[in-house]
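Line by line, the protein sequences give chains P and Z.
When you line the first sequence up against the numbering used here, it's residues 1 to 247, in that order.
When you line the second sequence up against the numbering used here, it's residues 248 to 543, in that order.
Ideal Cβ positions, reconstructed from N, Cα and C, are used throughout, including at glycine.
Report on the structure given below.
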Amino acid sequence: MTAQFRAELLKLRSTRTNLGLFSALLGFVLFVVLLHGFSLPVEHISRRSDQLHVVFGWAALLGSLFAALLGALAITDEFRHGTIRPTFLVTPQRGRVVVAKVWASMLIGSVFGLIAAAVAIGVGSAALATRGLEIRLGGGDYALLLVGCAAAAALWAAIGVGLGAVVRNQVPTVVGICAWLLFIESLLLGDVGLVGDVGRFTPGALGKAASGQDPLLAPGLAVFLLALYTAAAVAAGWVATTRRDVV
Amino acid sequence: MQVAHENLNIFACTDSLWDTANEHWSPQMHQDNRPQHTLPRHVRMRVTGAAATATEPPLPDPVVRVSSLTKRYGEFAVVEDVTFSLDPGTVTGFLGPNGAGKSTTLRLLLGLAEPTAGEARVFGRRYRELDEPARRVGAVLESNDFDPGRSGRNHLRALALAAEISPGRVEEMLELVGLTRAADRRVRTYSLGMRQRLGLAGALLGAPELLVLDEPANGLDPAGVHWLRTFLRQFADQGGTVLIASHVLAEVAQTVDQVMIIDHGRLVATARLDELAGRGETLEETYLKLTVKEAS
């Protein structure tokens, strides 16, 4: 198991794909946080909950999104390029490969979330300070933001591996993850609120709640509920990978 | 089996068999003449129908035993009732037209696909049940199973990590196939021949006793084909077993001891090359007779 984990970690580090994902994550965090920090009217970003939600909180969504893509690529790249064959020839116990990919992706994914939060805090604070606004977040808020974003991104990385293992095809997996987090969940379930309170318990919203962005849902509970989604996705990926043929 | 394994140390030589300076094969450097673990020829070949006499040593267990192997997708049988076994020390050609079921048979043998019926065993077990499969079996199923953005060295290192094989072995294999100088380049920049050699290096990482290769000569230049043939012969002479799927008859005819011909998912012939020669038939004549008749 350790052997497979080390192999998967090397795979994640040895192409430029994940460096590219990481750069894109940083770029998006910078852009979105600066955009909101500088462009929103003062009355929208003066309260603590607003600052947390519309300035700093973007790190949770973006960290989760890019961590999920990292996890999805970790497995769909193998099917796309055929490396899944040598991988399974060396480790025919395919469940071990899936689990190793999950842990390796969670590790790198948590770094994605952590750094996204750190950048958002740094850049967001600078933006608010530049506009002469008082920053109402305290040390506990920052700590929760860092830990919550890291946890959400790690769990989403594992969801990405599970989904990728089920779908196998890279493009639909990536499009599906982006569509879910950026469109379906944010617009239809969250902002538009088509299905009432359900939006609070969707996996993307739970990722945000993990860093304290939902006043009605404790961060610990949010992490626990998100972990249930993760367990389901990983279990589905495990079953799909061990049962289906590789051609 | 372990005896044979330990004797397969030709890979441990650090002298390159390839001219790494210009990425060309240099077969004249192939001068490793250490004592070989060579089984008598009659032991290495399981002669069908011939009764073993009491004075002969018992035949070793087959390395590969495939029984009534069948794979269907819906109603369509890709592989149907295929039975064969491979003995240690043999090089076997697995021939057939495109789509005949060669690749599917190899995938069933190596646990990548599950048979609909029948079974395939390597070293007496299903592939997925082998303890350290990379140390028993090396396989190249496609010539391009690499991430184009990963270097050749990192490709091998990832496999070595998963199989718990030392990094030193990775360097030895890179040297063996002449890719040391190209090892840090991304595979994207490799020629087809270089990819074939990288695939072979990956298959040999664990010093396996059985090699399963699908079209291994594809993309190799003539010197490379010669090197591969010499290498496989030596591998088998030291007790290793080789199964090569191919449709290039001329190449196979010079490399293998025996052939199996598959067509429309069924094994239509199994013959030793010297038997064919004894009947005055060339491999091509036999192949065409069997596969064209089946097709018409």
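Interface residues of the segment 4-33 of chain P facing chain Z [CB-CB below 7 Å]: Q4, R6, A7, L10, K11, S14, T15, R16, T17
Euclidean distance between Cα positions of Z:G487 and Z:P309: Translated into the one-based positions of the second sequence, residue 487 of chain Z becomes position 240. Translated into the one-based positions of the second sequence, residue 309 of chain Z becomes position 62. In a straight line, the C-alpha of Z:G487 is about 12 Å away from that of Z:P309.
Proximity of Z:R312 and Z:R397 at Cβ, strictly below 9 Å: Locating residue 312 of chain Z in the second sequence gives position 65, where the first residue counts as 1. Locating residue 397 of chain Z in the second sequence gives position 150, where the first residue counts as 1. The answer is no: Cβ separation not under 9 Å.
Pair within 9 Å by beta-carbon distance, P:T130 and P:F38: As a working mapping, residue 130 of chain P is identified with position 130 in the first sequence. As a working mapping, residue 38 of chain P is identified with position 38 in the first sequence. For P:T130 and P:F38, yes; Cβs fall inside 9 Å.
Under 9 Å (Cβ pairs) to chain P, residues found in the segment 375-394 of chain Z: R375, E376, L377, P380, A381, V384, G385, A386, V387, L388, E389, N391, D392, F393, D394
Rounded C-alpha distance that separates P:R136 from P:E43: Residue numbering aside, residue 136 of chain P sits at position 136 when the first sequence is read from its first letter. Residue numbering aside, residue 43 of chain P sits at position 43 when the first sequence is read from its first letter. In a straight line, the C-alpha of P:R136 is about 13 Å away from that of P:E43.
Three CB pairs or more closer than 8 Å across the segment 196-208 of chain P and the segment 119-134 of chain P: no
Rounded separation between P:G139 and P:S23 - CA only: As a first step, residue 139 of chain P must be located in the first sequence, where it is residue number 139. As a first step, residue 23 of chain P must be located in the first sequence, where it is residue number 23. So the alpha carbons of these two residues sit roughly 27 Å apart.
Classification of P:T2 by the beta-carbon crowding that lies within 10 angstroms, buried from 16 upward: For the purposes of this step, residue 2 of chain P is taken as residue 2 along the first sequence, with counting starting at 1. Looking at its Cβ environment, which holds fewer than 16 other Cβ atoms inside 10 Å, P:T2 is exposed.
Three-state secondary structure (DSSP) of Z:M248: On the second sequence, position 1 is the one that residue 248 of chain Z refers to. Because the pLDDT of Z:M248 is 38, which lies under 50, any placement of that residue in the model is unreliable, and the question is left without a value.
Exposed unless 16 or more other CB atoms sit within 10 angstroms - verdict on Z:G527: Counted from its first residue, the second sequence places residue 527 of chain Z at position 280. Exposed, by the Cβ-count rule.
DSSP beta-bridge partners of Z:A324: Here residue 324 of chain Z refers to the residue found at position 77 when the second sequence is read from its first residue. For Z:A324, which the question treats as bridged, DSSP gives the partners Z:R319.
8 Å Cβ shell around P:L12 - same chain, five flanking residues per side excluded: What you label residue 12 of chain P is simply residue 12 of the first sequence in a count that begins at 1. Contacts found: N18, L70, A74, A104, S105, I108.
Interface flag, Z:N280 vs chain P, CB-CB below 9 Å: Counted from its first residue, the second sequence places residue 280 of chain Z at position 33. Note that Z:N280 scores a pLDDT of 36, beneath 50, so its modelled location is shaky and nothing firm can be said.
8 Å Cβ cut-off: residues of chain P touching Z:S398: The sequence position of residue 398 of chain Z within the second sequence is 151, counting from 1. Going along chain P in sequence order, the residues near Z:S398 (Cβ under 8 Å) are S14.
Short CB-CB distance (under 9 Å) between Z:D324 and chain P: For the purposes of this step, residue 324 of chain Z is taken as the residue at position 77 of the second sequence. Checking the displayed sequence, the identity of residue 324 of chain Z turns out to be Ala instead of Asp. Closer than 9 Å: no.
Neighbouring residues, chain P, relative to Z:N401 (Cβ below 7 Å): On the second sequence, position 154 is the one that residue 401 of chain Z refers to. Those within 7 Å of Z:N401 in chain P are L10, S14.
Partner residues on chain P for Z:E361, Cβ-Cβ distance less than 8 Å: On the second sequence, residue 361 of chain Z is found 114 positions in, with the first residue counted as 1. Within 8 Å Cβ-Cβ: D245.
Entirely enclosed beta strand (DSSP E) segments - the segment 367-407 of chain Z, minimum 3 residues: 384-387
6 Å CB neighbourhood of P:Y258 in its chain, flanking five on each side removed: Nothing about residue 258 of chain P can be reported from this structure: the residues present for chain P run from 1 to 247 only.
8 Å contact criterion, which Z:A518 and Z:T538 should meet: CB distance rounded: If you number the second sequence from 1, residue 518 of chain Z lands on position 271. If you number the second sequence from 1, residue 538 of chain Z lands on position 291. In fact, because the Cβ distance is near 14 Å, the residues do not count as touching under 8 Å.
The segment 58-70 of chain P / the segment 172-184 of chain P touching (three or more Cβ pairs under 8 Å): yes
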